[in-house]
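**Student:** Protein sequence lines correspond, in order, to chains A and B. Sequential numbering from 0 applies to the first sequence in numbering that gives the first Met the number 0. Sequential numbering from 0 applies to the second sequence in numbering that gives the first Met the number 0. Note that the Cβ used here is the ideal one computed from N, Cα and C, for glycine as well.
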Amino acid sequence: MKKFITPTIFLTLLISGIMFSRCKKFLDVDPAYTQDAENYFNSPADYEMALTGAYDLLQACSIYSVWIGEIASDNTIAGGESVNDTEGLHQIDLMTHGGVNTELRNVFRWNYAGISRANFILENKDNIEFTGKDVIIAEAKFLRALYYFDLVKFFGDVPLVIDKRLGAEEAIQTPRAPSTDVYNQIESDLQDAISVLSPTTPIIGRATKGAAQSILGKVYLYQNKFSEAATQFDAVIASGMYNLIADYADLFSVANENHSETVFDVQYSGLEGGGYGCLSCLEGYAGPGFHGIRQYNGPVYGDGNSYNLPTQNLYDAFDPADPRRDLTVLDIDAFIAAQPSPADITYAIGAGGHTGYYNNKYIKRQGEFGLPDNDLTSPVNYRMVRYADVLLMAAEAHFQTGNVGIAEGFVNEIRIRAGMPTITVSTLQDIWTERRLELACEGHRFFDLVRTNQAAIHIDGFQANKNELFPIPQIEIDLVGGNWTQNTGY
Amino acid sequence: MKKILFSSFLLLATAFSASSQNMKITGVVTDENNDSFPGVTIMVKNTTVGTSSDTSGVYGIEVANDSNLVLVFSFFGFQDKEILVAGRTKINVMLEPVSSALDELVVVGYGTTTYKELTGATARVKGEDIEKLNLSRMDQALQGQIAGVAINTNSGSPGGSSSIRIRGLSTFGDNDPLILVDGVVYDSEGLNALNPSDIKSVNVLKDATAGIYGVRAANGVIIVETKNGRLNSKPKIEFTSYYGMQQTARKLQLLNAEEYAVIKNEMFAAGNDLMPFNNTAIGVGTNWQDTIFQSAPMESYGVSISGGSKTTTYSMGLTYFSQDGIIGGEKSQFERINGRLNLSTELGDKLKLNSVLLFSNDYRTGLPENGIGSVLYNTINAFPNEDVRTPDGNYSYLEEVSDIINPVAQIENSYNYNWANKFVGKEEIVYSINEQFSFTNRFNYNYAIVDSKTFSPLAWYGPGKYANTALNANLDPTLVELADGVFIERGASVFEQRATYLDLTFESFLNYENTFNEVHKVKGTLGASAFHRKGQALNGTAFNIPNNSIEYADISANTAAGGYLNSTGSWEFTERLLSSFIRMEYGYDSRYLVSAILRRDGSSKFGPNNRYGYFPTVSGAWLISDEDFYDVAFIDFLKLRLSYGVSGNDQIANFAYRALLNGEGVYVFDDVITTGVAIGRAGNPDLKWETTRQFNAGVDLTLLDKLDFTVNYFIKNTFDLLFQPDVSAIIGSYGPGGYPPIVNAGDVSNKGIELELGYSSDQSKAFSFSTNLNFSAINNKVTSVPDGVDYLPGAYFGVGGNVATRFEEGFAIGYFHGFQTNGIYQTQDEIDAAAVYQEGAQPGDLIFVDQNGDGVISFNDDSDKTMLGSAIPDFTMGLAITMRFKGFDFSSNIFATKGQEIIRNFERNQPYANQMAYVLDRWVGPGTSTTVPRVTTEATRNTVLSDFYVEDGSFIRLRNIQLGYTIPKKYTEKLKIESFRLYVSANNLVTLTRYQGFDPDIGPTAGTLSAGVDYGFYPQARTIMGGLTVKF
């Protein structure tokens, strides 16, 4: 019997000894194959990868910027399966939106996510030195400026977080910065970017000098700094990098992307599937599928969710002879009637609203399907800044600074390409009208109306001195302990 | 001690041998089953003269010829039997197992005690009460059997899991208890591998005394022991088998084709749209439910052998179980083989080996369940005027509804397979150092290999359907553009994964037990435990499976051009726990009992700042009925118990304390999807476990020797909930793959009362009767949420709809939040005269209640929404009855739950979707209905979440009823059969409920806050079975 005692005690002591001497080590488990946020940025590739992460949010933010930029305006209605389907868009459509609005909250969240990713790079910009780092830093600033510009357009004064990541406590203590401060930051970031970026980039999708100048010009325009704006636009135009492409009809297809009219596109690919669970994770553009014809069964188009439907008002704004009308607004019943066998073509009407029109620029087309769920994964890029936009903004800036002739030249350049007769530009309204027609359904209209003080005239239910800005999501105010005031009127 | 015994024996032996008037008594000892009983000790009372029965149960003893002599027959675990010799020379005796519940052993973690001396709130279910129900999983069988343990079914599909909630919900996170099978950790999913008929007993530690398991004990602990053999017994072979047919217990009342046509015409007309049907006399049409529900068999065959020699006991078994689904048959099937060996042997005088090996092989197939797009959701919403197949033989498209697909086609195209092989074992060496000390070392392992395969064939459900994987009805593959003008086909695909999980546990503990001066009983346990878990997986998806056929559905068979579309993935994790624990127990005269526990846990889940925690518990009991002053004749036993202690819950993701670059930072450059990096979840170095403080007061009493009664009252407060609350957006946590940090914030309180009543008549009589009744009522409330957070959102209602369930201070966890209704507007005058303005209201619309009294129903914010119910019942009850009369036995098991609500969330709000038959009673004009609103295709507010969609989920269910007959032994003996029992049995024969959905027993299918939201739940089957048990 005794022979068991010694080995038992020996074994126990051995195991206990191992257990307790290595106690601390035993529990020190490191995550496998994953890097830690605190000891990153050790190689040029690390910066490159982080920059890709900062670009990522452009894809998410563009979805709502385009929707809200149109739905809030007189151009489109919300649409969809029912009035409860993405209810926030319906409220914005009716100008009844308040502080509880999922879509506005996403705008707020995603833009700050983009900012924090740009800040993550800028916070660590001095870790190592290497050739080409200045371009990465410039692009990070460009992206930060884009995200802040979206925020200041939507919400006015917003908290300014620069070159650092915030802890929970710091977030509570960060106030809303006056919009002038935000604009100053945007201007300074873009100027830094312009001084470094090249007019061209070897990698399609990366920011160029022209993109930064165009955005800076737009930022000036939003602040009524017309001569500064004109300077930026003129530089873009004078660079000779850009041209209007010949046919307006070719502007929005996958086959015609990243061409001479492209100043800055948000790049999408249809090669990764996706689901509704995470719209911000998509590599495809959800817009075209959401704008698609509900339960459509027929040629040319694919079926979709009937969102963001053009109004009669927009359709009627076009001269019937203007080719851009039918290229912008799809009259679905007329289209079906014109097909060889209309009786075989069916579609449904969503309970979220129906105008008879669909957004014909960003719409799901056959041959442009992404991987499943292809309602969400269109490979079509979002044309954030195209040269026509630059010309029209330049026209506005020059008109405002007294150079009516230059303005008229730019406007007519647009009209000639569209196949319309030239006009005499005598009022700002002439430029604004052309701007609406040229850029309808691309996400600019609401912000243009607000910027030019015309929103109350054109938008039903728009209350001046209130609806120029969207409310800060109430939950965000609560999450900083009520330290922010809500926008006027909300 | 030994020496004294020995010398007194000598002395007595001398005394007896001096007597010449001796006689010999012989006989046979049998057990309660009339099996011969070897190894029984037979002593002459008040002497040391004795012997024991041989392997055939035969004994012989020489005694003094004194008719007043008494023989005492005893065996551990059996009731002693005293027999007056009265001059007989042949005495046969039957021993019965200890029937007094008080002396039964209860497992308390690293030791045992008896019910009599138990200080905690612990419940026990015997293996036979689990086995009897013939269910595939242990958790299903526990429903209604234990007060304070709520079991809800997550899915009625074969192999579907249940949620186990001990004493309410204490967190919105992981509420699963710690489940230990022979000391090995099983999670809820892993219970599929456990054969319920291998279980000897289930012990549930409900109160703070579970704190011996420290940081994992906050949700209670379930300790499962598998069957073992008995010393000195002949091999006992048992064969069990049953076969049953399952059917759905209910089909929904949906519109038939003619009713549908009438309703839809009215609906479209009301919305100023063209009426879809010119002719509404189109008959009953297709009942889609009939096309997907089927009768499905369920069967089980098992054989086991158990027994023991003088030093070894063994029990082993082999069981096959198979169950087809009532939806999809073999497409939702579960099949399992279990092998088991439980061996205990004395390696030496003081050294004992306990060895357990459990092997299981299970196979499960599944269908899309309980969500938008599930088979049942499609079935409910498919319209009845369309046939399953079109005249040309293809499946119909249900074209008018984009998001509903033909459920029969969906079943046909679903190929989801899962195989799990699991090896679970325990090697335990117990060294009895001396009478006081024993030292246990054990090593547990659990190795599981889980393989899964999903085949996605090219399928076409009709134009515009979300589930299409093909380009068209010809099943042409879609084309993917790799580069400008370079297209490749994207054909059928297969996903395969192999995941392995390895748990290793080493535990070592010392037990001490001694009694001083006959009244001071001291017990102690001191030990340590180290736990290591590693999981890893490798998976891949491959495209262009040949022939679009399951026959070639393997990665090896893929023909994807250049492999461009194929992808691979992998993951890996490690978690560890290092613990030490001590328990001290003291009992004075078995009347005053106290116990104290302290456990220290270190967990790799937490950062260095909070890696170690201490979990103390104290408990005590007072046996009033053993006091001298006690003289209440009809109460035989009366005990008071109190316990209080702290335990923890560490069930969160690994490495939540640190920020990792595992977010998603992906963008498209040069038309190529380019991977970057981004921070995933923000870190929180101060993260720690949830802490539960629980108080329990209980009374146990026995009335008239037959009626056992237990009542427990508890207060269980959970603090520092592991919370991932919303944080300010400006921190930047809401990018793709990004999450806010996990923090400790929020408190939850559970208070409840539990009653258990047991009655058992004399089992030796021809007619015997026993019953158990249990009752639990729990009040659950969130007592605090983090600063700045109003509530935590849970499940959503409808499609793209609003948050339906919430975690909010002052309410039950996951309560339902929406509009309260007050009838239906009958006329425009009524609307105009109403004190409250309700935007867009028309006659026939629901009237919403203006909760904040501002005269306007606010649809844009939450100010007029209110509490509409919750999935937590007011009380639950379980009743079990067993009766025996001669060879017949009858048992039944009833479960009732009252006061919980269910959200009816399976109705698709689309113009053409089919509807439930209640719309036949809709409002069509003033005075026609005050409950069901008008039908219209117009946009109305009738579709927002209101109490119209919330139903009473109370139910009473006859879970099992069984009638058995054991053929008298005289007929079977000749065939060498010990016993032969036949039975018929039915599960879920009757369910009484007012709920309109398939099954009111709905668990939280998508996390705690989704409890009570019904997306078209896969119902539990009604099963009629016949079976037999043969013992040799």
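1) Between which two residues does the beta strand (DSSP E) harbouring S783/B extend?
2) I need the straight-line Cα distance from I150/B to K897/B, nearest angstrom please.
3) Have a look at G797/B and H531/B and give me their C-alpha separation to the nearest angstrom.
4) Examine chain B for any beta-carbon lying closer than 9 Å to the beta-carbon of Y386/A, and answer yes or no.
5) Residues in the same chain with beta-carbon distance under 6 Å from N959/B, minus the five sequence neighbours each way, listed in chain order, please.
6) Per DSSP, A248/B is paired with what?
7) Can at least three beta-carbon pairs, one atom from the stretch 699 to 706 of chain B and one from the stretch 746 to 766 of chain B, be found at a separation below 8 Å?
8) Rounded to a whole number of angstroms, what is the C-alpha to C-alpha distance between G1037/B and I846/B?
9) Heavy atom of the ligand GDP less than 8 Å from the Cβ of F276/B, yes or no?
10) Please return the same chain residues whose Cβ sits closer than 6 Å to the Cβ of T345/A, not counting the five positions on each side in sequence.
11) For the beta strand (DSSP E) containing V223/B, list its first residue and its last residue.
12) Return the first residue and the last residue of the beta strand (DSSP E) that R657/B is part of.
13) Expressed to the nearest angstrom, what Euclidean distance is found between the alpha-carbon atoms of S618/B and A696/B?
14) Cα separation between Q841/B and D315/A?
15) Taking the alpha-carbon positions, what's the A1010/B to D998/B distance?
16) Is I430/A buried or exposed, if buried means 16 or more other CB atoms sit within 10 Å of its CB?
17) Between M0/A and chain B, is any beta-carbon pair separated by less than 9 Å?
18) Let me know if G1026/B comes out buried or exposed under the rule of 16 or more other beta-carbons within 10 Å of its beta-carbon.
19) Quick one: Cα of G539/B to Cα of S160/B, how far?
20) Flag this pair as touching only if the stretch 203 to 210 of chain B and the stretch 118 to 130 of chain B have three or more C-beta atom pairs under 8 Å; answer yes or no.
21) Is there a Cβ of chain B sitting closer than 9 Å to that of S259/A, yes or no?
22) Just to make sure I have the definition right: I need the residues of chain A whose C-beta is within less than 8 Å of the C-beta of Y982/B. Which are they?
23) Can you tell me which of the three DSSP states K132/A falls into?
24) Any C-beta of chain B within less than 9 Å: which residues of the stretch 33 to 66 of chain A qualify?
25) With M1037/B as the anchor, note down where its beta strand (DSSP E) starts and where it stops.
26) Can you confirm whether L220/A, when its beta carbon is compared against all beta carbons of chain B, has any partner nearer than 9 Å?
27) In this structure, what does DSSP give as the bridge partners for L706/B?
28) Against chain A, with Cβ distances strictly below 9 Å, would A658/B count as a contact?
29) Quick check: what's the CA-CA separation for D125/A versus P43/A?
30) Below 9 Å between beta carbons: does that hold for A681/B and G737/B?
31) Taking Cβ-Cβ distances below 7 Å as the criterion, which residues of the stretch 939 to 959 of chain B are in contact with chain A?
32) Just to check my reading of the structure: T929/B and I596/B have Cβ atoms closer than 8 Å, yes? What is that Cβ distance to the nearest angstrom?
33) For N743/B, which three-state DSSP category applies?
34) List the residues that DSSP assigns as beta-bridge partners of E334/B.
35) Closer than 8 Å by beta-carbon distance: list the chain B residues that pair up with F141/A, in chain order.
36) Could you tell me which whole beta strand (DSSP E) segments of length 3 or greater appear in the stretch 102 to 144 of chain B?
**Tutor:** With the given structure in hand:
1) Numbered from its first residue, the second sequence carries residue 783/B at position 784. Per DSSP, S783/B belongs to the beta strand (DSSP E) from 766 to 783.
2) Position 151 of the second sequence, counted from the first residue, corresponds to residue 150/B. Position 898 of the second sequence, counted from the first residue, corresponds to residue 897/B. Those two C-alpha atoms are separated by around 14 Å.
3) Here the question's residue 797/B lines up with position 798 in the second sequence. Here the question's residue 531/B lines up with position 532 in the second sequence. Cα to Cα, the separation comes out at about 43 Å.
4) Position 387 of the first sequence, counted from the first residue, corresponds to residue 386/A. In terms of beta-carbon proximity, Y386/A stays away from the interface with chain B, with every pair separated by 9 Å or more.
5) In the second sequence, counting from the first residue as 1, residue 959/B sits at position 960. The residues are L132, N892, N986.
6) In the second sequence, residue 248/B corresponds to position 249, counting from 1. DSSP output for A248/B lists no bridge partner at all.
7) Put simply, the stretch 699 to 706 of chain B touches the stretch 746 to 766 of chain B. At least three CB pairs are less than 8 Å apart.
8) A query on residue 1037/B cannot be resolved here, the shown segment of chain B reaching from 0 to 1031 and no further.
9) No copy of the ligand GDP appears in this structure; indeed no ligand is present at all.
10) As a working mapping, residue 345/A is identified with position 346 in the first sequence. Cβ neighbours of T345/A beyond the five flanking positions: N296.
11) Locating residue 223/B in the second sequence gives position 224, where the first residue counts as 1. For V223/B, the enclosing beta strand (DSSP E) covers residues 220 to 225.
12) Walking along the second sequence from the start, residue 657/B turns up at place 658. No beta strand (DSSP E) holds R657/B; DSSP gives it neither H nor E.
13) The sequence position of residue 618/B within the second sequence is 619, counting from 1. The sequence position of residue 696/B within the second sequence is 697, counting from 1. Taking the straight line from one Cα to the other gives about 10 Å.
14) For the purposes of this step, residue 841/B is taken as residue 842 along the second sequence, with counting starting at 1. For the purposes of this step, residue 315/A is taken as residue 316 along the first sequence, with counting starting at 1. Rounded to the nearest angstrom, the two C-alpha atoms are 32 Å apart.
15) Position 1011 of the second sequence, counted from the start, is the residue given in the question as residue 1010/B. Position 999 of the second sequence, counted from the start, is the residue given in the question as residue 998/B. Counting only the Cα atoms, D998/B lies some 13 Å from A1010/B.
16) To locate residue 430/A, count along the first sequence from 1; it is residue 431. I430/A counts as buried, since at least 16 other C-beta atoms from the protein chains shown sit within 10 angstroms of its C-beta.
17) Within the first sequence, residue 0/A is the residue found at index 1, counting from 1. With a pLDDT of only 48 at M0/A, under 50, the local geometry of the prediction cannot be trusted, and the value read off the model is given with reservation. Answer yes: the Cβ-Cβ gap between M0/A and chain B drops below 9 Å somewhere.
18) Here the question's residue 1026/B lines up with position 1027 in the second sequence. Classification for G1026/B: buried.
19) Taking the second sequence and counting its residues from 1, the one referred to as residue 539/B is at position 540. Taking the second sequence and counting its residues from 1, the one referred to as residue 160/B is at position 161. Cα-Cα distance, rounded: 26 Å.
20) Yes: at least three Cβ pairs fall under 8 Å.
21) For the purposes of this step, residue 259/A is taken as the residue at position 260 of the first sequence. The C-beta of S259/A comes no closer than 9 Å to any C-beta of chain B.
22) Mapped onto the second sequence, residue 982/B falls at position 983. From the beta-carbon of Y982/B, no residue of chain A is found nearer than 8 Å; the closest lies around 48 Å away.
23) Position 133 of the first sequence, counted from the start, is the residue given in the question as residue 132/A. In the structure shown, the three-state DSSP call for K132/A is helix.
24) Under the 9 Å Cβ criterion, the stretch 33 to 66 of chain A contributes T33, Q34, D35, A36, E37, Y39, D45, E47, M48, A49, L50, T51, G52, A53, Y54, D55, L56, L57, Q58, A59.
25) A query on residue 1037/B cannot be resolved here, the shown segment of chain B reaching from 0 to 1031 and no further.
26) Residue 220/A sits at position 221 when you count from the first residue of the first sequence. Not an interface residue.
27) Numbered from 1 along the second sequence, position 707 holds the residue referred to as residue 706/B. According to DSSP, L706/B bridges with L702/B, Y758/B.
28) As a first step, residue 658/B must be located in the second sequence, where it is residue number 659. In terms of beta-carbon proximity, A658/B lines the interface with chain A, with at least one pair separated by less than 9 Å.
29) Your numbering for residue 125/A matches position 126 in the first sequence. Your numbering for residue 43/A matches position 44 in the first sequence. Roughly 12 Å between the two C-alpha positions.
30) In the second sequence, counting from the first residue as 1, residue 681/B sits at position 682. In the second sequence, counting from the first residue as 1, residue 737/B sits at position 738. Yes, these two residues count as a Cβ contact at 9 Å.
31) Answer in chain order: T942, V943.
32) The residue you call residue 929/B lines up with position 930 of the second sequence. The residue you call residue 596/B lines up with position 597 of the second sequence. With a Cβ gap of about 59 Å, T929/B and I596/B do not count as contacting.
33) Locating residue 743/B in the second sequence gives position 744, where the first residue counts as 1. Strand at N743/B.
34) Numbered from 1 along the second sequence, position 335 holds the residue referred to as residue 334/B. Answer by DSSP bridge pairing, in chain order: S321/B, Y362/B.
35) The count along the first sequence starts at 1 and reaches residue 141/A at position 142. Within chain B, no residue has its CB atom less than 8 Å from the CB of F141/A, the nearest being about 14 Å off.
36) Entirely contained in the stretch 102 to 144 of chain B, the beta strand (DSSP E) runs reaching 3 residues are, in chain order, 104 to 106, 111 to 113, 121 to 125.
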